[in-house]
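Count the sequence shown with full-length UniProt numbering and you get residues 1 to 244, in order.
Ideal Cβ positions, reconstructed from N, Cα and C, are used throughout, including at glycine.
Just so it is clear, the structure is predicted and the values come from calculations on it, not from any experiment.
Here the structure comes first, spelled out in structure tokens, and everything after it is commentary.
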Amino acid sequence: MAPRPLGPLVLALGGAAAVLGSVLFILWKTYFSRGRERRWDRGEAWWGAEAARLPEWDEWDPEDEEDEEPALEELEQREVLVLGLDGAGKSTFLRVLSGKPPLEGHIPTWGFNSVRLPTKDFEVDLLEIGGSQNLRFYWKEFVNEVDVLVFVVDSADRLRLPWARQELHKLLDKDPDLPVVVVANKQDLSEAMSMVELQRELGLQAVDSQREVFLLAASIAPAGPSFEEPGTVHIWKLLLELLS
């Protein structure tokens, strides 16, 4: 029996996935290129602003300078990439850190979300890419553009943990020097795996001992004051330490 040709619906879905991936790639590249013009790259200064034109002598008025407000110093930028399989809790993590109430129910991210949090010395851009299978292909394109990677794992999703492990190790191999924070989310659920189990099942024991990889427990709930949850506070403090 001759194989049946692909139907119009299958071809349309494939084309839509390709277009979505291309648009996502362009948007993220634009975002990062704009942010890197204003940041210091681990000690090396990047000067993005052009020097102001000096006024001609007949244009200069001393009284004008007295009235001018001093320009605010622009903070350095730090980028954190937040990845993980769909349903792990990435979007809720971003909303909680930004002080917004978590959304009820599971709403997958079709594209990316971003949150900018100012600190005393720098601004932190937390950027999330959706975790669906079609979007995971593009994760590796942005690993080399950030300062820290946060990988969120659903501690109760035993069935898909091997997929999470596979994707995590792809990212680890892409940039051997990138600090990685693995968030073991949903530790409050009765079916959640212990931290010892997760360390073994995710293959973290095999990671080079010189590599900065951290495994932290969290219970970032879809409702309630999750930012007060100790795990979320510890994650944020660790991020600030790694970014300083």
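Below 8 Å between beta carbons: does that hold for residue i and residue j?
i, j, result
"ALA156", "LYS120", "no"
"GLY84", "VAL153", "yes"
"PHE122", "LEU81", "no"
"LEU168", "PHE151", "yes"
"VAL124", "SER98", "no"
"MET195", "ALA206", "no"
"MET193", "ARG165", "no"
Based on Cα-Cα distance, which residue from the options lies nearest to residue i?
i, options, result
"PHE212", "ASN144, GLU76, LEU149", "The amino acid at residue 212 is misidentified as Phe; the sequence shows Glu. Considering only alpha carbons, the answer is LEU149."
"SER132", "ARG95, LYS90, ASP188", "LYS90"
"PRO118", "ARG158, ALA88, GLN77", "GLN77"
"GLN210", "ALA88, LEU172, PHE137", "LEU172"
"LYS170", "SER244, ALA218, GLY203", "GLY203"
"ASP208", "ALA218, GLU197, LEU240, ASP177", "ASP177"
Looking only at its chain, what residues have a beta carbon closer than 6 Å to the beta carbon of residue i, apart from the 5 residues adjacent to it on each side?
i, result
"LEU242", "VAL148, PRO179"
"PHE93", "ILE220"
"LYS174", "LYS140, VAL143"
"LEU189", "ALA156"
"SER244", "none"
What is the residue span of the beta strand (DSSP E) that residue i lies within?
i, result
"GLU197", "GLU197 -> not in any beta strand (DSSP E); alpha helix (DSSP H) instead, spanning 195 to 201."
"ILE235", "Counting along the chain, ILE235 falls outside any beta strand (DSSP E), though it belongs to the alpha helix (DSSP H) covering 230 to 243."
"ALA211", "Looking at the sequence provided, one finds Arg at residue 211 rather than Ala. It is not in any beta strand (DSSP E) - ARG211 carries neither H nor E in the DSSP assignment."
"residue 246", "Limits of the chain in this structure are 1 at one end and 244 at the other, which puts residue 246 out of reach."
"ARG165", "Premise fails: ARG165 lies in the alpha helix (DSSP H), 161 to 174, not in any beta strand (DSSP E)."
"PRO118", "112 to 118"
"ALA206", "Premise fails: ALA206 is in no beta strand (DSSP E) and is neither H nor E."
"ILE220", "Careful: ILE220 lies outside any beta strand (DSSP E) and carries neither H nor E."
"ALA184", "180 to 185"
"LEU126", "122 to 129"
"LEU149", "148 to 154"
Output needed for residue i: all residues of its chain with C-beta closer than 8 Å, excluding positions within five of it in sequence on either side, in chain order.
i, result
"LEU238", "VAL181, PHE214, LEU216"
"PRO236", "Looking at the sequence shown, residue 236 is not Pro but Trp. Cβ within range, chain order: LEU97."
"TRP163", "LEU85"
"GLU56", "Because the pLDDT of GLU56 is 42, which lies under 50, any placement of that residue in the model is unreliable, and the question is left without a value."
"GLU191", "ALA156, ARG158"
What is the residue span of the alpha helix (DSSP H) that residue i lies within?
i, result
"ASN134", "133 to 136"
"residue 246", "Residue numbering for the chain in the displayed model covers 1 to 244; residue 246 lies beyond these limits and cannot be assessed."
Give every residue of the same chain whose Cβ lies closer than 7 Å to the Cβ of residue i, excluding the five residues on either side of it in the sequence, and list them in chain order.
i, result
"LEU161", "GLU201"
"HIS234", "LEU216"
"GLN199", "GLN205, LEU215"
"ALA88", "GLY131, VAL152, VAL153, ASP154, ASN185"
"LEU240", "THR119"
Tell me, to the nearest whole angstrom, how far the beta carbon of residue i is from that of residue j; I am working on the premise that it is less than 8 Å.
i, j, result
"GLU128", "GLU79", "The pair is not a contact, with the Cβ atoms about 12 Å apart (cut-off 8 Å)."
Is the CB of residue i under 8 Å away from at least one CB in chain C?
i, result
"ARG200", "Within the model displayed, chain C is absent; a lone protein chain is all it includes."
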